[in-house]
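Under full-length UniProt numbering, think of the first position of the sequence shown as 1, with each following residue one higher. One structure is given below, encoded as structure tokens.
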Amino acid sequence: MADESTVLDLSQLRRSCSSCALSDLCLPAGIGGDDLEKLDMAIRDKRMLDRGGALYRDGDPFHALYVVRSGSLKTFVQDDTGAMQILGFHLPGDIVGFDALATDRHVSQAEALERSSICELPYDRLQQVTSEVPALHRQLMRVVSREVVEEHRHTVVMGRQQAQEQLAIFLKSLSDRYQRLQRDGSMLTLSMSRYDIANYLGLVVETVSRLFSRLEEMGVLEVNRKAVTIRRPDLLAELCRSSSTSPSRQRDNG
């Protein structure tokens, strides 16, 4: 068992890693002592982004991966006309920047939805540490896999036939992510706008607004601007499965 001085030393090191939400990346892998210190040394000081601030833009050279420490981000792509497609919303603990791994340049953009704190992991340093700490490399691959799963989930949601089900799945997924962060999964704060949600789901903003009102009338939610309380998680879960049991395949856009 570690003596008191070792525990205190680890506590100091974990302060940066854990509070930067890196605990999901490294700490469960059994990393401690010298290995944790190597990771800590690879992390640059956090940076702050105001709402609307860009972390990186399409075409920027690839230097680092980024961990959301606090706040939230959205990632998106834009075409030549400026039309946007949102790819994801990122909460504390999420790592962004994987889009640049293939070409050494970012092919999407990341922007703060609110005042956010970001930890930077310079990729050359991260590669060195993962080569020295196999457990960290395995955890990093798990994070990459999780990103792929999220992309697949988004594709599935976009393909759903019922708009109500799409919104229900989005809210259920957000609730699950809150619980993984040890937050109350029934009390959501939507840092993204209704327009952002509509764009992400492939709907129009009027539909999303009507659906929030409908779910509130059904007693599933209580909505107060950006604060959403899930009153009936059982009904929300049922709505997530509605199209698989419904005989109708007609898309509900209203």
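Beta carbons are placed, not taken as given, at the ideal position from N, Cα and C, and that holds for glycine.
As assigned by DSSP and simplified to three states, the class of residue i
{"i": "Leu190", "result": "coil"}
{"i": "Arg214", "result": "helix"}
{"i": "Arg125", "result": "helix"}
{"i": "Leu55", "result": "strand"}
{"i": "Gln182", "result": "coil"}
{"i": "Arg177", "result": "helix"}
{"i": "residue 280", "result": "The structure shown does not extend to residue 280, since the chain is modelled only from 1 to 254, so the question has no answer here."}
{"i": "Val223", "result": "strand"}
{"i": "Val149", "result": "helix"}
{"i": "Cys26", "result": "Confidence at Cys26 is low in this model, with a pLDDT of 44, below 50, so the placement of that residue should be treated as unreliable; the coordinate-derived value is given next. Three-state DSSP puts Cys26 in coil, outside helix and strand."}
{"i": "Thr229", "result": "strand"}
{"i": "Leu49", "result": "strand"}
{"i": "Val96", "result": "strand"}
Inter-residue Cα distance where the pair is residue i and residue j
{"i": "Leu22", "j": "His106", "result": "Only weak support exists for where Leu22 lies, its pLDDT of 46 falling under 50; the value from the coordinates is given anyway. Going by the C-alpha atoms only, they are around 22 Å apart."}
{"i": "Asp104", "j": "Asp79", "result": "20 Å"}
{"i": "Ser117", "j": "Gln139", "result": "22 Å"}
{"i": "Val133", "j": "Arg69", "result": "23 Å"}
{"i": "Cys240", "j": "Gln164", "result": "8 Å"}
{"i": "Ala100", "j": "Phe212", "result": "36 Å"}
{"i": "residue 255", "j": "Gly88", "result": "This structure leaves residue 255 out entirely; the chain is present only between 1 and 254."}
{"i": "Ala237", "j": "Ala102", "result": "37 Å"}
{"i": "Leu121", "j": "Glu217", "result": "45 Å"}
{"i": "Val149", "j": "Leu171", "result": "17 Å"}
{"i": "Leu27", "j": "Ala135", "result": "Any reading at Leu27 needs caution, since the residue's pLDDT is 46, under 50, leaving its predicted position unreliable; the model's value is listed next. Going from the Cα of Leu27 to the Cα of Ala135 covers about 10 Å."}
{"i": "Leu221", "j": "Glu206", "result": "18 Å"}
{"i": "Leu181", "j": "Leu174", "result": "11 Å"}
{"i": "Ser108", "j": "Arg210", "result": "30 Å"}
{"i": "Leu91", "j": "Asp124", "result": "25 Å"}
{"i": "Gln162", "j": "Arg232", "result": "20 Å"}
{"i": "Phe62", "j": "Ile230", "result": "39 Å"}
{"i": "Glu147", "j": "Gly219", "result": "33 Å"}
{"i": "residue 257", "j": "Asp58", "result": "Nothing can be reported for residue 257: it is not among the residues displayed for the chain, which extend from 1 to 254."}
{"i": "Leu49", "j": "Ala110", "result": "11 Å"}
{"i": "Ser193", "j": "Ile169", "result": "17 Å"}
{"i": "Leu188", "j": "Thr75", "result": "20 Å"}
{"i": "Gly71", "j": "Ala198", "result": "21 Å"}
{"i": "Tyr56", "j": "Arg142", "result": "23 Å"}
{"i": "Gln128", "j": "His137", "result": "10 Å"}
{"i": "Thr81", "j": "Asp60", "result": "19 Å"}
Proximity below 9 Å, CB of residue i to CB of residue j
{"i": "Leu215", "j": "Val223", "result": "yes"}
{"i": "Val77", "j": "Gln85", "result": "yes"}
{"i": "Leu167", "j": "Val204", "result": "no"}
{"i": "Leu201", "j": "Val228", "result": "no"}
{"i": "Ala112", "j": "Ala64", "result": "no"}
{"i": "Asp94", "j": "Leu126", "result": "no"}
{"i": "Asp176", "j": "Gly185", "result": "yes"}
{"i": "Glu114", "j": "Arg183", "result": "no"}
{"i": "Cys119", "j": "Lys46", "result": "yes"}
{"i": "Val144", "j": "Phe98", "result": "yes"}
Range covered by the beta strand (DSSP E) that runs through residue i
{"i": "Ser70", "result": "64-70"}
{"i": "Leu87", "result": "84-90"}
{"i": "Leu73", "result": "73-78"}
{"i": "Glu114", "result": "First-last for Glu114: undefined, no H or E at that position."}
Limits of the unbroken alpha helix (DSSP H) element including residue i
{"i": "Ser238", "result": "The residue asked about is misnamed: residue 238 is Glu in this sequence, not Ser. Looking at the DSSP string, the run of the alpha helix (DSSP H) that includes Glu238 is 233-240."}
Heavy atom of the ligand PLP within 8 Å of residue i beta-carbon
{"i": "Thr75", "result": "For the structure depicted, the ligand PLP is absent and the ligand set is empty, with no information on it obtainable."}
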